[in-house]
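Let me begin by presenting the structure, written as structure tokens, before commenting on it.
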Amino acid sequence: MAGFNKVVGSYAEALDGLSDNMTVISGGFGLCGIAEGLIAQIQRMGTTGLTVVSNNCGVDGFGLGLLLEKKQIKKMISSYVGENALFEQQLLSGELEVELTPQGTLAERLRAGGAGIPAFFTATGVGTPVAEGKEVREFSGRQYLMERAITGDFAIVKAWKADRYGNCIYRHTAQNFNPMAATAGKITVLEVEELVEPGELEPSSIHTPGIYVNRVIVGKFEKRIERKVLSTAKV
Amino acid sequence: MALNREQIAKRVAQEFYDGAYINLGIGIPTLAANYVPKNMEVMLQSENGLLGMGPYPTETQVDADMINAGKETVTAATGASIFSSAESFAMIRGGHVDLTVLGAFEVDIHGNIASWMIPGKLIKGMGGAMDLVAGARNIIVTMTHADKHGNSKLLSDCTLPLTGVNCINKIITDLAVLEVKEGAFHLLERAPGVSTEEIISKTAGKLIVTANVPEMQV
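Chains as they are written, first to last, in numbering that gives the first Met the number 0: chain L, 0 to 234; chain A, 0 to 217.
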């Protein structure tokens, strides 16, 4: 990769260096805004013992659920899981460990990780099972928990458009956890729908500046919908 | 008669006010979006990163990149903005969301809420509920007054693991509207045709009842 040309031509190149027992941060909310091709590549590589940081763990047969099939995940750090039977099985059999983290705390732990802040205090989770073993401090008469930052060996991020510098934008609510994930990986890999010419993205509209991004690959996306609800339907 | 889901949702919508930023949880709270009073402008926040959630899409509007926190397809309303999860929870945690409505398993007289975990059953996670109850200025719980075995869900102390402490202001059930303050539930309204006696018998925690409790308008 020369200069600021971060574009790679193959998924093998995109995830070169990923090995057993690493921590992988994945953007996405459910199946929305996930790096489909990079997840499939991790499955092909057969890397095991992974700690995966992601709000959710996909569904059976799609998204991060694919990595459960060959038992590649050792631990999940998530806010909501169990949309898939395989996940439940591996959790109950003890093959899979889960650290449940409130959604906003998870987002902030990643943001902090990428921003060089080792820990922060939040009122979220005070007096609940989430507080167990955590330092509690009082500020202005209210109690707060200390939560630690998260960083990963790799971050896999799904963006809409990117240029070769790694500058990118996300589309609609496919943004979700992706911008924080992008900042928190030692190696951040963007899988994008479209590669655009440098200068095409308006500098002030860029969501993630290229400084956070190490590799860019153009992917093809199935974009599966988890719950299709139409305006005529009752909730 | 106990209220049905739509009637509870209608009563919830009476808590909305012009110019309010509101986060609605999955289930009955989400239904309340159908009953926003006419001539009132509210903005619905969805914690996956959408402020200004619109109606569900038509078949042609369906877009996999446009979902709500329940992972359902949605549209963006006029005036909407879309942002990251960190930004979304900054507005929640920072107290910028005016009203949160969510479901619960139990609420107690201290305003504690249990809504995410039943020991012995598979634990799926708390999602954004803990952040929401810790951050919103005003939190309303909707739930049935008692479980299907007739056990009260309004307790002296929650028995299940908590989602948040001392945070619930109001409860809207199929039988009543109650305020939570000063270590007690205060009966504000009763469902049409539901007697004060029935509400008293189905409320396990301390309940303050004044004379002539009005009926809900639903």
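Glycine included, each C-beta is placed from N, C-alpha and C at the ideal position.
Opposing strand residues paired with residue i [DSSP bridges]
i, result
"residue 155 of chain L", "L:25 and L:188"
"residue 137 of chain A", "A:98"
"residue 17 of chain L", "In the DSSP output, where bridge partners are listed per residue, residue 17 of chain L has none listed."
"residue 169 of chain A", "A:139 and A:178"
"residue 145 of chain A", "A:151"
"residue 226 of chain L", "A:71"
"residue 68 of chain L", "Its beta-bridge partners do not exist; DSSP assigns none."
Closest residue to residue i among the options (Cα-Cα distance)
i, options, result
"residue 43 of chain A", "A:149, A:210, A:68 and A:109", "A:68"
"residue 100 of chain L", "L:216, L:131 and L:192", "L:131"
"residue 130 of chain A", "A:109, A:217 and A:115", "A:115"
"residue 213 of chain A", "A:128, A:73, A:149 and A:175", "A:175"
"residue 207 of chain A", "A:75, A:217 and A:187", "A:187"
"residue 76 of chain L", "L:88, L:40 and L:149", "L:149"
"residue 92 of chain A", "A:103, A:74, A:59 and A:128", "A:128"
Length of the line joining the Cα atoms of residue i and residue j
i, j, result
"residue 82 of chain A", "residue 226 of chain L", "21 angstroms"
"residue 0 of chain L", "residue 186 of chain L", "Annotation note: pLDDT 48 at residue 0 of chain L (below 50); position unreliable, no value reported."
"residue 141 of chain A", "residue 110 of chain L", "33 angstroms"
"residue 26 of chain A", "residue 74 of chain L", "30 angstroms"
"residue 3 of chain L", "residue 133 of chain A", "43 angstroms"
"residue 234 of chain L", "residue 100 of chain A", "Residue confidence is low: residue 234 of chain L scores 48 on pLDDT, short of 50, so the model does not pin down where it sits. Its coordinate-derived value is still stated next. Roughly 16 angstroms between the two C-alpha positions."
"residue 87 of chain A", "residue 47 of chain A", "7 angstroms"
"residue 210 of chain A", "residue 11 of chain A", "24 angstroms"
"residue 123 of chain L", "residue 144 of chain L", "7 angstroms"
"residue 119 of chain L", "residue 126 of chain A", "19 angstroms"
"residue 45 of chain L", "residue 80 of chain L", "22 angstroms"
"residue 168 of chain L", "residue 38 of chain L", "20 angstroms"
"residue 39 of chain A", "residue 19 of chain A", "9 angstroms"
"residue 255 of chain A", "residue 98 of chain A", "This structure gives no information on residue 255 of chain A, because the portion of chain A shown stretches from 0 to 217."
"residue 213 of chain L", "residue 84 of chain A", "22 angstroms"
"residue 170 of chain L", "residue 29 of chain A", "24 angstroms"
"residue 232 of chain A", "residue 22 of chain A", "Chain A is shown only over 0 to 217; residue 232 of chain A falls outside these bounds and no answer can be derived."
"residue 208 of chain L", "residue 192 of chain L", "17 angstroms"
"residue 229 of chain L", "residue 70 of chain A", "13 angstroms"
"residue 192 of chain A", "residue 215 of chain A", "10 angstroms"
"residue 217 of chain A", "residue 14 of chain A", "12 angstroms"
Proximity of residue i and residue j at Cβ, strictly below 8 angstroms
i, j, result
"residue 236 of chain L", "residue 197 of chain L", "Look at the range of chain L in this structure, 0 to 234, and you will see that residue 236 of chain L is not part of it."
"residue 36 of chain L", "residue 190 of chain L", "yes"
"residue 194 of chain L", "residue 173 of chain L", "no"
"residue 62 of chain L", "residue 177 of chain L", "no"
"residue 25 of chain L", "residue 58 of chain L", "no"
"residue 109 of chain A", "residue 163 of chain A", "no"
"residue 184 of chain L", "residue 151 of chain L", "yes"
"residue 190 of chain A", "residue 1 of chain A", "yes"
"residue 96 of chain A", "residue 63 of chain A", "no"
"residue 108 of chain L", "residue 146 of chain L", "yes"
"residue 55 of chain A", "residue 77 of chain A", "no"
"residue 106 of chain L", "residue 21 of chain L", "no"
"residue 56 of chain L", "residue 86 of chain L", "yes"
Taking a cut of 9 angstroms between CB atoms, which residues from the stretch 61-85 of chain L lie near chain A? 77, 78, 79, 80, 81 and 82
Using a Cβ-Cβ cutoff of 9 angstroms, what residues of the stretch 163-178 of chain A are near chain L? List them in chain order. 163, 164 and 165
Which residues, in chain order, does the stretch 102-116 of chain L contribute to contact with chain A at a C-beta distance below 9 angstroms? 102, 103, 104, 105, 106, 107, 109 and 110
Under 9 angstroms (Cβ pairs) to chain A, residues found in the stretch 155-185 of chain L: 159, 169, 170, 171, 172, 173, 174, 175, 176, 177, 178 and 179
Could you name the residues of the stretch 60-79 of chain A whose beta carbon sits closer than 9 angstroms to any beta carbon of chain L, in the order they occur along the chain? 60, 61, 62, 63, 64, 65, 66, 67, 68, 69, 70, 71, 72, 73, 74 and 75
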